[in-house]
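Each residue of the sequence shown is one higher than the one before, starting from 3 at the first, in the working numbering.
For each residue, glycine too, the CB sits at the ideal point set by N, CA and C.
The structure presented is a predicted model; accordingly, all values stated were derived computationally and were not measured.
Below: the structure, in structure tokens.
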Amino acid sequence: MIKIEHLVKNYGSNCAVDDISFEVESGEIVGFLGPNGAGKSTTMNILTGYLSSTSGKASVAGIDILRDPIGAKKQIGYLPEQPPLYLDMTVEEYLSFNFNLKRCRLDRAQHIEEVCETVKIKDVYHKVIRTLSKGYRQRVGIAQALIGKPKVIIFDEPTVGLDPKQIIEIRNLIRSLGKDHTVILSTHILQEVQAVCDRIIIINKGKIVANERTENISNMVENNRRFNVKIAGPQKDILAMLKGMSGIAYAEALAERDGDAYTYMIESEYGVDIRKKLFYQLAERNWPLVGMEALGMNLEDIFITVVDKSEEYKAVGTNVRNRIKRRPRGQEKSALEREVGASLYEDAQRQRSESSLSAASEDDDE
Ligand code: ADP
Numbered sequence: 003m004i005k006i007e008h009l010v011k012n013y014g015s016n017c018a019v020d021d022i023s024f025e026v027e028s029g030e031i032v033g034f035l036g037p038n039g040a041g042k043s044t045t046m047n048i049l050t051g052y053l054s055s056t057s058g059k060a061s062v063a064g065i066d067i068l069r070d071p072i073g074a075k076k077q078i079g080y081l082p083e084q085p086p087l088y089l090d091m092t093v094e095e096y097l098s099f100n101f102n103l104k105r106c107r108l109d110r111a112q113h114i115e116e117v118c119e120t121v122k123i124k125d126v127y128h129k130v131i132r133t134l135s136k137g138y139r140q141r142v143g144i145a146q147a148l149i150g151k152p153k154v155i156i157f158d159e160p161t162v163g164l165d166p167k168q169i170i171e172i173r174n175l176i177r178s179l180g181k182d183h184t185v186i187l188s189t190h191i192l193q194e195v196q197a198v199c200d201r202i203i204i205i206n207k208g209k210i211v212a213n214e215r216t217e218n219i220s221n222m223v224e225n226n227r228r229f230n231v232k233i234a235g236p237q238k239d240i241l242a243m244l245k246g247m248s249g250i251a252y253a254e255a256l257a258e259r260d261g262d263a264y265t266y267m268i269e270s271e272y273g274v275d276i277r278k279k280l281f282y283q284l285a286e287r288n289w290p291l292v293g294m295e296a297l298g299m300n301l302e303d304i305f306i307t308v309v310d311k312s313e314e315y316k317a318v319g320t321n322v323r324n325r326i327k328r329r330p331r332g333q334e335k336s337a338l339e340r341e342v343g344a345s346l347y348e349d350a351q352r353q354r355s356e357s358s359l360s361a362a363s364e365d366d367d368e
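Written as structure tokens, this is what we have:
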């Protein structure tokens, strides 16, 4: 449905998109992930005909975006990062305006009603857009993208600035749109693509560094298990037991004490769920397990694992899924990994704090 071949975009001497190629099949929801400045918007803007490329090809439903931009655009609904809303219009006026703009030949009233039903904005249909909450405005932006029944929908950072409840609602909406459309979701939030997408393409500095089924990424998350465990008993003996236990790849004692219980950070081996075994072994020795907290992988860990994996793919050119292991502790990350991982992590942190600020301050009319 979407085909990008050797796409390059230079801004002067800055190469924003550096020879990327990928395809999206009909009915797929694909996440386009990368840190800020990676080249996501540039790629989306070329795909949607807003920008020309320096070289390479992009086509939608077999129509070349350069040769027949109007034909290709008819196949695409686009929600840019800043939804192009006219705040002084009512929702009704705005959608009708978009209907005209797209020279839509469907039955106007029926089509707009269907779209409003899909994105659940019927209750604000007669309201002026300026008076709507961010969540509703985003829905109106999505409605605009759906006008004309495009086969492909492209979302650029659709949940930025929304509060946690709105984020979940918009993600569910995108997921449901995937039943009838091919969807590309461009974002810098890994959890977002994990929640919504069938496949994840990761771009960094204009190059694709990973192109994976989402479950492979999820397996990495599931299979990399770290816990803080609180155990009552002699610290030295317990640590020695943890370090010697099969299935545990790493154990360390943390500087936390609660009566006669100490906290340890453990990491299980790839693919091992250590929890029950640990419980029984401690019980056998009469060392009560008084707390267990799953730490999970953070964004940086996941990203690095993906980069590791894509590098292994490139190196050996075979399916290496089962051989991917976490990097041994203490082994240095490359400069690229540090930079990209840190940048992704910072973005996610900022996004979280923005979300909680807007949740606290916004008087939501939803
Ligand atoms: P992302 O969407 O992943 O944050 P962008 O596609 O916006 O990344 O940007 C990719 C690179 O291209 C960045 O280095 C950015 O500074 C540069 N860039 C983007 N738009 C322009 C522009 N209009 N002029 C010059 N450089 C640009």
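Cβ-Cβ separation, residue j to residue i (assumed contact under 8 angstroms), whole Å
{"i": "PRO2", "j": "ILE176", "result": "Any property of residue 2 remains undetermined from this structure, which presents the chain solely from 3 to 368."}
{"i": "PHE24", "j": "ASN230", "result": "Their Cβ separation, rounded to whole angstroms, is 39 angstroms, which puts PHE24 and ASN230 out of contact at 8 angstroms."}
{"i": "LEU9", "j": "ILE48", "result": "6 angstroms"}
{"i": "LEU35", "j": "VAL195", "result": "5 angstroms"}
{"i": "PHE101", "j": "ILE114", "result": "7 angstroms"}
{"i": "VAL117", "j": "LEU103", "result": "That belief does not hold up - the Cβ atoms of VAL117 and LEU103 are roughly 14 angstroms apart, past 8 angstroms."}
{"i": "GLY163", "j": "LYS136", "result": "6 angstroms"}
{"i": "VAL292", "j": "ILE233", "result": "7 angstroms"}
{"i": "ASP158", "j": "SER188", "result": "5 angstroms"}
{"i": "VAL19", "j": "THR45", "result": "6 angstroms"}
{"i": "THR92", "j": "LYS129", "result": "6 angstroms"}
{"i": "TYR266", "j": "ALA257", "result": "About 11 angstroms separates the two Cβ atoms, so there is no contact after all."}
{"i": "LEU241", "j": "ILE250", "result": "The Cβ separation is near 11 angstroms, so there is no contact."}
Check: residue i C-beta below 6 angstroms from any heavy atom of the ligand ADP
{"i": "ALA111", "result": "no"}
{"i": "SER429", "result": "Outside the displayed span of the chain (3 to 368) sits residue 429, for which this structure offers no information."}
Boundaries of the alpha helix (DSSP H) in which residue i is found, first to last residue
{"i": "ASP64", "result": "As written in the sequence, residue 64 is Gly, which differs from the Asp given in the question. First-last for GLY64: undefined, no H or E at that position."}
{"i": "ALA385", "result": "Only positions 3 to 368 of the chain appear in the structure, and residue 385 is not among them; the question remains open."}
{"i": "HIS113", "result": "110 to 121"}
{"i": "ILE169", "result": "166 to 179"}
{"i": "GLU286", "result": "277 to 286"}
{"i": "LYS76", "result": "71 to 76"}
{"i": "LYS11", "result": "Here LYS11 belongs to no alpha helix (DSSP H); instead the beta strand (DSSP E) covers 4 to 13."}
{"i": "TYR96", "result": "93 to 103"}
{"i": "THR161", "result": "THR161 -> no alpha helix (DSSP H), and no H or E assigned at all."}
{"i": "ASN47", "result": "42 to 49"}
Proximity test, Cβ basis, 7 angstroms: residue i and chain D
{"i": "GLU214", "result": "Annotation note: the requested chain D is absent from the structure, which comprises a single protein chain."}
Residue interval of the beta strand (DSSP E) (run including residue i)
{"i": "LEU187", "result": "184 to 189"}
{"i": "SER270", "result": "263 to 270"}
{"i": "VAL19", "result": "16 to 26"}
{"i": "MET294", "result": "291 to 296"}
{"i": "LEU35", "result": "31 to 35"}
Any non-hydrogen atom of the ligand MN closer than 6 angstroms to residue i Cβ
{"i": "LEU49", "result": "Absence of the ligand MN from the depicted structure is noted, with the ligand ADP being the only ligands included."}
Residue ranges of each beta strand (DSSP E) within the stretch 205 to 259, 3 or longer:
209 to 215, 228 to 234
Residues proximal to the ligand ADP by C-beta, any heavy atom closer than 5 angstroms
TYR13, ALA18, ASN38, GLY39, ALA40, GLY41, LYS42, SER43, THR44
Any alpha helix (DSSP H) of 4 or more consecutive residues that is wholly inside the stretch 117 to 158
136 to 148
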